[in-house]
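Peer 1: Sequences listed follow chains A and B, in order. Anchor point for the first sequence: position 18 equals 7 in our numbering, and the numbering is continuous, going up by one each time. Anchor point for the second sequence: position 612 equals 621 in our numbering, and the numbering is continuous, going up by one each time. I am attaching a structure below and will ask some questions about it afterwards.
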Amino acid sequence: MLNKILSPFGAVVLFVIIAASGYFVSEKMDKKDVNISTAELFATTLPDENGVPQALSQWQGKMIVLNFWATWCPPCREEMPELSELNTEYQDKNVIVIGIALDEIALIKEFNAENKMSYPLLAAEDTGGNLAANLGNNKSALPYTVIIKPDGTVANTYFGRISKPLLEEALLKLIP
Amino acid sequence: MLRRFSALVVSISALLIAVTVLGFAANSYAGNSGFNAFTDSDEEKFLHPDEAFKLNIVAKDSNTLEAKFTVTPGYYLYKDRIKFEIKDASLGTISAVNLPAGDIKDDPNFGQQEVYHHDFVALIDVNNPAQNVVIDARFQGCSEKGLCYAPQLKTLNVDMAQAATAPTDNTPVTNANNSTSSEDEATSLLKSGKLWLIAAGFFGFGLLLSFTPCVLPMIPILSGIIVGDKKAHKAETSRLHSFNLSLAYVLGIALSYTIAGIAAGLSGQLLSNALQSPWMLTATALIFVVLSFSMFGFYELRLPSTIEERMVKTSNKLKGGQFIGVFVMGVISALIVSPCVAAPLAGALLYISQTRDVVLGGVALFALSIGMGVPLLLIGASAGHVLPKAGGWMTAVRNLFGVIMLAVAIFIVSPIIPTSVEMLLWSALLIIPAVYLHALDSLPLDINTGRSHPWMRFWKGIGIMLLIVGIALLIGAVSGAKSPLQPLAGLSLSNSKTIENRLPFVRVKNTAELDARIDAAKGKIVMLDFYADWCTSCKEMELLTFSDPAVQASLKEAVLLEADVTANTPEDLALLQRFNLFGPPGIIFFNRTGQEIKPIRVIGYENAPKFLATVNRVNALKADECNPLVTC
Chain A
-10 MLNKILSPFG
0 AVVLFVIIAA
10 SGYFVSEKMD
20 KKDVNISTAE
30 LFATTLPDEN
40 GVPQALSQWQ
50 GKMIVLNFWA
60 TWCPPCREEM
70 PELSELNTEY
80 QDKNVIVIGI
90 ALDEIALIKE
100 FNAENKMSYP
110 LLAAEDTGGN
120 LAANLGNNKS
130 ALPYTVIIKP
140 DGTVANTYFG
150 RISKPLLEEA
160 LLKLIP
Chain B
10 MLRRFSALVV
20 SISALLIAVT
30 VLGFAANSYA
40 GNSGFNAFTD
50 SDEEKFLHPD
60 EAFKLNIVAK
70 DSNTLEAKFT
80 VTPGYYLYKD
90 RIKFEIKDAS
100 LGTISAVNLP
110 AGDIKDDPNF
120 GQQEVYHHDF
130 VALIDVNNPA
140 QNVVIDARFQ
150 GCSEKGLCYA
160 PQLKTLNVDM
170 AQAATAPTDN
180 TPVTNANNST
190 SSEDEATSLL
200 KSGKLWLIAA
210 GFFGFGLLLS
220 FTPCVLPMIP
230 ILSGIIVGDK
240 KAHKAETSRL
250 HSFNLSLAYV
260 LGIALSYTIA
270 GIAAGLSGQL
280 LSNALQSPWM
290 LTATALIFVV
300 LSFSMFGFYE
310 LRLPSTIEER
320 MVKTSNKLKG
330 GQFIGVFVMG
340 VISALIVSPC
350 VAAPLAGALL
360 YISQTRDVVL
370 GGVALFALSI
380 GMGVPLLLIG
390 ASAGHVLPKA
400 GGWMTAVRNL
410 FGVIMLAVAI
420 FIVSPIIPTS
430 VEMLLWSALL
440 IIPAVYLHAL
450 DSLPLDINTG
460 RSHPWMRFWK
470 GIGIMLLIVG
480 IALLIGAVSG
490 AKSPLQPLAG
500 LSLSNSKTIE
510 NRLPFVRVKN
520 TAELDARIDA
530 AKGKIVMLDF
540 YADWCTSCKE
550 MELLTFSDPA
560 VQASLKEAVL
570 LEADVTANTP
580 EDLALLQRFN
590 LFGPPGIIFF
600 NRTGQEIKPI
610 RVIGYENAPK
620 FLATVNRVNA
630 LKADECNPLV
640 TC
């Protein structure tokens, strides 16, 4: 009787069910719930390339493309001209790009003297990692880009090298 | 609806495979093998820095520390950013750090940089080291896919007394900067809970194995021991005692398997990159197929009978009743029985060698053997009164293993075979078991009731589901569907006529040929596509993006070159190196004066609209422009 019930390949299905549930459990454990919040960001004041303190709250209410970078990060440097271009093209649509560097002020100044970005570059050598982590960067990876909507909620996050078309695609969906 | 359902079932079968090889960890290792066909979200593409780079420091001799760096393929560390420091001078001072020569990487911003793409060892000379040296290690690296990690700080505790004896005895020290806290391999796996998941998975796998007839030869051996023990004591021994005896026996078996697991982990570490080559993937899949045939009973895997007899004799000579003797007997009987479980065992070992993790290998195989030993422990606990009955269901479990192993084989080769062949294989694997589940014939009737058994009806229902999905896949295979997850996509009208039009690529074999082609194409945009047969995203690009009429139109004026680097010849490598590419996929554009447009590179899969936007940007550039803002 027993062998009839468990006909040869019937057990396959059973195993599939066990396997699938196991997988979903492990999947769930993998995705630790990260509380993404911009509260800390807007409460922060960071020096710009000239050392002048800039409160991030001044840009609250805009569509912010927040880009974490560093001068020692080749893919960051590679994508920044595109961000600069994006900032120029979209500034009249209430969009602003902000770069936060995990770097010294002097190095940022040197970089900007050479490359002339159209958007503000702020220095957060020690606190930048934490700021990025609060915005979902659980891998301390750079570049890391976050799109923050005017209401202060995070719309998109990107690990690694991004491109202007990619951001444009996301922005066009968000801009009314 | 049907499509979505079939997608679900196919993905479940994919999961089945992932879990079969107890690949709860398959995700975490997906980045470095061909196994990531089904996990493709952007975030998953990048490893956590702790997984991308691992560091272990041990004492080599009384004055030298050995820092072993493990670098995941596709990632690299900068040589000049590796620093070691002993903060507390009373623990010793670093006199010299010897780093091996690295690979030269041309960086547009920093010039030539020495980097490490592979595992390497740094030697650190320490003056007057204390018994325990607390050392800070700093390093910084990137992924070739365009992402860098913040500088990492690891604080490790090295026991100088353990020079060259204990290889992995680093006690991690809690670190102020907790985002980059120190962990050695095992603890990070433990922390993530994955090691336990894997161990639990292997335990379940072992438990399943114990329902195969393989365990049967062990039962007389074990009950012999327990009965012999009873006779020796001339009295009823306690259940606890006989349980302990069977535990000793099972632990003996576990020892054999654990050694096998560690060996597999080590061999994988040695073979490293070779395991990911198309040849290796094919060979591995073939082994799985051969092993599955033994599960279906086409042939019997066993040791030569002379060796087996000798081992049985030796084990009989050992006196029962004594724990050490029983333990040794366990070690030996694992060897006797192994050929029977060899197929699934070899599967598990292959999986471990792919992960290249020694600790994981040992733990996993230990869990597996304990799982296998559960029925033996039950026999012990019942003092030999309860014995499992063999039956047809044992063969069913064996056949199940056969199917699973075939699924693994398909999964392994899926990146290197055409999608239609892959779908054909999946459909066969679904339809044939469905036939066995009586999906096509009427159910046999029970003599007593004149009706079929409810359970058989249930299995038939499942069988019919498998059959339908199998047929959907079969239709997909012959109608040119592009993905096993959407087997019927080719039938819908909207995108039915796309496969025929291929882009007219011209092959380039080496850098000289490339230069000549670019030279000849002055005045036109040039697109160079790196391709390889085993590159899944290249194939996706070809099938889904390049076939798009709008994309084709946008590339009409361009010269299209393709470098097929499947063979990985020195010429291929030189081509990749020229563009600092680690491997395909990669699409490079050149402007009308033949200069590379560096900021516009396509690495990885882009869908048609996205790729079209990229091409339009290239087309919009002025003749000698390489970048909208920076001159070349």
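For glycine and all other residues, C-beta sits at the position ideal for the given N, C-alpha and C.
Among B/N65, B/I66, B/I534, B/G371, whose alpha-carbon lies nearest the alpha-carbon of B/I609?
Peer 2: The residue with the shortest Cα to Cα distance from B/I609 is B/I534.
Peer 1: Would you say B/Y158 faces chain A, with C-beta separation under 8 angstroms as the test?
Peer 2: For B/Y158, the answer is yes, since a Cβ of chain A falls inside 8 angstroms of its Cβ.
Peer 1: Would you say B/P513 lies against chain A (beta-carbon separation less than 8 angstroms)?
Peer 2: It does not: the Cβ of B/P513 has no partner Cβ on chain A nearer than 8 angstroms.
Peer 1: Going along chain B, which residues have a C-beta under 8 angstroms from A/L170?
Peer 2: The displayed coordinates of chain A run from -10 to 165. Any statement about residue 170 of chain A would go beyond what the structure contains.
Peer 1: Are the segment 34 to 52 of chain A and the segment 128 to 138 of chain B in contact at 8 angstroms, needing three or more beta carbon pairs?
Peer 2: They do not touch, by the three-pair rule.
Peer 1: So B/S255 and B/G389 are in contact, right, with Cβ under 8 angstroms, and what is the actual spacing, rounded?
Peer 2: Indeed they touch by this definition, with Cβ atoms about 3 angstroms apart.
Peer 1: Counting only C-beta atoms, is B/K88 closer than 8 angstroms to chain A at any point?
Peer 2: It does not; no Cβ of chain A falls within 8 angstroms.
Peer 1: Hey, is B/S391 close to the ligand COA, as in C-beta under 7 angstroms from one of its heavy atoms?
Peer 2: What this structure holds is no ligand at all, so the ligand COA is not there to describe.
Peer 1: With 7 angstroms as the limit, tell me which residues of the segment 88 to 115 of chain A have their beta carbon closer than that to any beta carbon of chain B; keep them in chain order.
Peer 2: Of all residues in the segment 88 to 115 of chain A, L91 have a Cβ within less than 7 angstroms of some Cβ in chain B.
Peer 1: Along the chain, where does the beta strand (DSSP E) that runs through B/T428 open and close?
Peer 2: Segment 428 to 445 is the alpha helix (DSSP H) holding B/T428; no beta strand (DSSP E) there.
Peer 1: Step through the CB atoms of chain B and report whether any lies within less than 8 angstroms of the CB of A/N83.
Peer 2: So, not an interface residue.
Peer 1: Compare the beta carbon distance of A/W58 and A/P154 with 8 angstroms and say whether it is the shorter of the two.
Peer 2: The answer is no: Cβ separation not under 8 angstroms.
Peer 1: Taking Cβ-Cβ distances shorter than 7 angstroms, what residues in chain B pair up with A/D67?
Peer 2: Checking the sequence, you will find Glu at residue 67 of chain A rather than Asp. Within 7 angstroms Cβ-Cβ: P608.
Peer 1: Who pairs with A/N65 in a beta bridge, going by DSSP?
Peer 2: Strictly speaking, residue 65 of chain A in this sequence is Cys, with Asn absent from that position. According to DSSP, which records beta bridges pairwise, A/C65 is partnered with nothing at all.
Peer 1: Can you pull the chain B residues whose beta carbon is under 8 angstroms from the beta carbon of A/K128, in chain order?
Peer 2: Under the 8 angstroms cutoff, chain B gives F55, L56, H57, P58, Y158.
Peer 1: Given B/A269, which residues of its chain have a CB within under 7 angstroms of its CB, disregarding the five upstream and five downstream residues?
Peer 2: Around B/A269: L358, L374.
Peer 1: Note down, in chain order, every chain B residue with its Cβ under 7 angstroms from the Cβ of A/E71.
Peer 2: By Cβ distance, chain B contributes P608.
Peer 1: Can you give the Cα-Cα distance for A/S107 and A/E74, rounded to whole angstroms?
Peer 2: About 7 angstroms.
Peer 1: What residues are listed by DSSP as bridge partners for B/F93?
Peer 2: Looking at the DSSP assignment, B/F93 forms a beta bridge with B/A146.
Peer 1: Would B/S563 and B/N616 be called neighbours here (beta carbons separated by less than 8 angstroms)?
Peer 2: Result no, Cβ atoms of B/S563 and B/N616 do not sit closer than 8 angstroms.
Peer 1: From the DSSP output, in three-state form, read off A/M106 for me.
Peer 2: The answer is coil: DSSP assigns A/M106 none of H, G, I, E or B.
Peer 1: Are the CB atoms of B/F598 and B/V574 within a distance shorter than 8 angstroms?
Peer 2: No, Cβ-Cβ distance for B/V574 and B/F598 is not below 8 angstroms.
Peer 1: Under the rule that 16 or more other beta-carbon atoms within 10 Å means buried, what is B/G470, buried or exposed?
Peer 2: Answer is exposed; the Cβ neighbour count stays below 16.
Peer 1: Per DSSP, what are the beta-bridge partners of B/Y125 in this structure?
Peer 2: BP columns for B/Y125 point to B/L86.
Peer 1: Output the distance between the C-alpha atoms of B/P558 and A/E157, rounded to the nearest integer angstrom.
Peer 2: Taking the straight line joining both Cα atoms gives about 23 angstroms.
Peer 1: Strictly below 8 angstroms CB to CB, what residues from chain A border B/K619?
Peer 2: Result: P154, L155, E158.
Peer 1: Which two residues bound the contiguous beta strand (DSSP E) that contains B/S104?
Peer 2: Counting along the chain, the beta strand (DSSP E) containing B/S104 begins and ends at 102 to 107.
Peer 1: With 16 as the cutoff for other CB atoms within 10 Å, does A/S152 come out buried or exposed?
Peer 2: When all chains shown are included, A/S152 counts as buried.
Peer 1: Leaving out five residues before and five after B/Q121 in sequence, what residues of the same chain have Cβ atoms less than 8 angstroms from its Cβ?
Peer 2: Excluding residues within five positions, the ones whose Cβ falls inside 8 angstroms are I113, K114, D115.
Peer 1: For A/L160, which option in A/R150, A/V135, A/L35, A/T116 has the closest C-alpha, if you only look at C-alpha atoms?
Peer 2: When each option's Cα is compared against that of A/L160, the closest is A/V135.
Peer 1: Taking the C-alpha atoms as reference points, what is the distance between B/I527 and B/L584?
Peer 2: Roughly 14 angstroms separates the two Cα atoms.
Peer 1: As a quick exercise: from B/I379, B/L204, B/I66, pick the residue whose alpha carbon is nearest that of B/V368.
Peer 2: The shortest Cα separation from B/V368 among B/I379, B/L204, B/I66 belongs to B/L204.
Peer 1: Check A/Y79 in the structure and name its three-state DSSP category.
Peer 2: In this structure, A/Y79 counts as helix in the three-state DSSP scheme.
Peer 1: Cβ of B/L165 within 8 angstroms of Cβ of B/I144?
Peer 2: Yes, the pair counts as a contact, with Cβ atoms nearer than the cut-off.
Peer 1: Within the same chain, show all residues whose beta-carbon is closer than 8 angstroms to that of B/G215, passing over the 5 residues directly before and after it, in chain order.
Peer 2: Once the five neighbours on either side are set aside, the close Cβ partners of B/G215 are A376, L377, S378, I379, G380, M381, G382, V383.
Peer 1: Assuming B/E75 and B/V130 make a contact with CB atoms under 8 angstroms, what is their CB distance in whole Å?
Peer 2: The Cβ separation is near 6 angstroms, so the contact holds.
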